[in-house]
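Residue numbers 0 to 132, in numbering that gives the first Met the number 0, belong to the letters of the sequence shown in order.
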Amino acid sequence: MAHPDVIAAVTARLESNWNKSAILDANVEGDAPESGSPYLRLQFPASDKGRPIVNRRLYREEGGIRVVIAVEIGEGLAKASAWAEEIATLFRDRKFSGVRTFVPGDTYVGDANDDGNYFVTALVIPYAFTFTG
Numbered sequence: 000m001a002h003p004d005v006i007a008a009v010t011a012r013l014e015s016n017w018n019k020s021a022i023l024d025a026n027v028e029g030d031a032p033e034s035g036s037p038y039l040r041l042q043f044p045a046s047d048k049g050r051p052i053v054n055r056r057l058y059r060e061e062g063g064i065r066v067v068i069a070v071e072i073g074e075g076l077a078k079a080s081a082w083a084e085e086i087a088t089l090f091r092d093r094k095f096s097g098v099r100t101f102v103p104g105d106t107y108v109g110d111a112n113d114d115g116n117y118f119v120t121a122l123v124i125p126y127a128f129t130f131t132g
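Listed below in structure tokens is the structure:
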């Protein structure tokens with residue numbers, strides 16, 4: 000799991016720049032909104048913590064930010080792809096609150112995208128975060 004400062008910074012950046020849907024709590028599994036409306040969910044599935052930077056009391060964490068995008072099933076790929084591109088642009092090669100993000104990967108499209116009332120896909124944004132030990 001990511002450093003708490005990474006989670007806070009990424010959540011704040013997304014919340015201050017995104018108004019198209021609800022943003023569900025990071026790393027908390029749960030139900031979709033009762034209204035059936037679209038949503039985003041932030042996940043921080045993996046990070047490599049504590050790689051020291053030589054001759055300093057600094058450590059570098061590298062990991063991935065997974066943004067799950069769930070849109071109405073009838074909207075499908077077109078809306079999810081458009082949202083993914085907007086989110087990718089928001090985080091592509093940026094630096095904010097000590098977090099450095101890189102070029103996001105492609106979104107996943109396949110049979111598993113159909114999830115009941117939602118078309119669900121995700122993109123992963125690699126990041127690095129330097130902190131003191």
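The beta carbon of each residue, even a glycine, is placed where N, CA and C say it ideally should be.
Given the structure is predicted, the values throughout are model-derived calculations rather than measurements.
Given a cut-off of 8 Å on the beta-carbon distance, is the pair Ala-31 and Tyr-117 in contact?
The residue you call residue 31 lines up with position 32 of the sequence shown. The residue you call residue 117 lines up with position 118 of the sequence shown. Yes, the Cβ-Cβ distance between Ala-31 and Tyr-117 is below 8 Å.
- Message: Which residue wins for smallest C-alpha separation from Glu-140, given the options Gly-63, Arg-56 and Leu-39?
- Response: Not covered by the structure: residue 140. The range shown for the chain is 0 to 132.
*Have a look at the DSSP bridge pairing and note the partners of Tyr-38.*
Numbered from 1 along the sequence shown, position 39 holds the residue referred to as residue 38. According to DSSP, Tyr-38 bridges with Ala-21 and Ala-69.
Separation of Ala-8 from Ser-96, as counted between CA atoms: The sequence position of residue 96 within the sequence shown is 97, counting from 1. The sequence position of residue 8 within the sequence shown is 9, counting from 1. Computed Cα separation, rounded: 6 Å.
From the DSSP output, which residues share a beta bridge with Lys-94? Here residue 94 refers to the residue found at position 95 when the sequence shown is read from its first residue. Note: Lys-94 sits in a beta bridge opposite Arg-99.
- prompt: Which whole-angstrom value describes the C-beta separation of Ile-68 and Ala-121, a residue pair presumed to lie in contact below a C-beta threshold of 8 Å?
  reply: As a position in the sequence shown, residue 68 is number 69, starting the count at 1. As a position in the sequence shown, residue 121 is number 122, starting the count at 1. Contact holds; Cβ gap of about 6 Å.
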